[in-house]
Amino acid sequence: MSLSTALHARMVADGQLGELLAIYAGQPAVFTVDPPPDDAELPYVITPGELATNPFDTKDLRGRELYQDIRCYTARTGSSKAVGDIADRVRVLFHRRPIVVDGQPSLLTSVTGPRNAGGDDSYGRLLTVRVVLDPA
41 MSLSTALHAR MVADGQLGEL LAIYAGQPAV FTVDPPPDDA ELPYVITPGE LATNPFDTKD
101 LRGRELYQDI RCYTARTGSS KAVGDIADRV RVLFHRRPIV VDGQPSLLTS VTGPRNAGGD
161 DSYGRLLTVR VVLDPA
């Protein structure tokens, strides 16, 4: 499974994150498309695709280093606590937690952020997931 699919699967399966998000099509509002569907309601998470794929090779083996953003959004209510809680939960789900991408296990998974990523009508936080796949 691709990195987008693996990230999406872990987020929609997490009950704690699900309690913080709206429901869309019967599951927590986590989208792999950007922009999200027009009828999607806040709060939601968007993880639209890999930012970069870099080689992580040894002499005899081929590995990859992948980067992907995860953006969290809530309505502007006067407090950014809700979007902070969502971003914190996303970080817990991925930072230093193994993940398998296209059949390759990770050697290292790390998360940077959250950073501000809001718009005029929403609060937003941006996290970047880095996954180094085992070249074995």
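For the sequence shown, the positions run 41 to 176 when the numbering used here is used.
Where a beta carbon is used, it is the ideal one built from N, C-alpha and C, also for glycine.
Under the three-state reduction of DSSP, residue 92 is assigned to strand. Straight across, the Cα-Cα distance linking residue 55 with residue 99 is about 42 Å.
For residue 86, the three-state secondary structure derived from DSSP is strand. Residue 63 carries a strand assignment under DSSP once its states are collapsed to helix, strand and coil. Residue 54 carries a coil assignment under DSSP once its states are collapsed to helix, strand and coil.
If you draw a straight line from the Cα of residue 137 to the Cα of residue 43, it comes to about 14 Å.
Between residue 111 and residue 139, the C-beta spacing is not below 8 Å. In the structure shown, residue 173 falls within a strand segment according to DSSP collapsed to helix, strand and coil.
In this model, residue 135 and residue 169 are separated by some 8 Å (Cα to Cα). The three-state secondary structure of residue 150, taken from DSSP, is strand. Contact fails between the stretch 58-67 and the stretch 152-163, because fewer than three Cβ pairs, one in each stretch, are under 8 Å apart. Apart from sequence neighbours up to five positions away, the residues of its chain that approach residue 120 with a beta-carbon distance below 6 Å are 163, ordered along the chain. The criterion of a C-beta distance shorter than 8 Å is not satisfied by residue 155 and residue 123.
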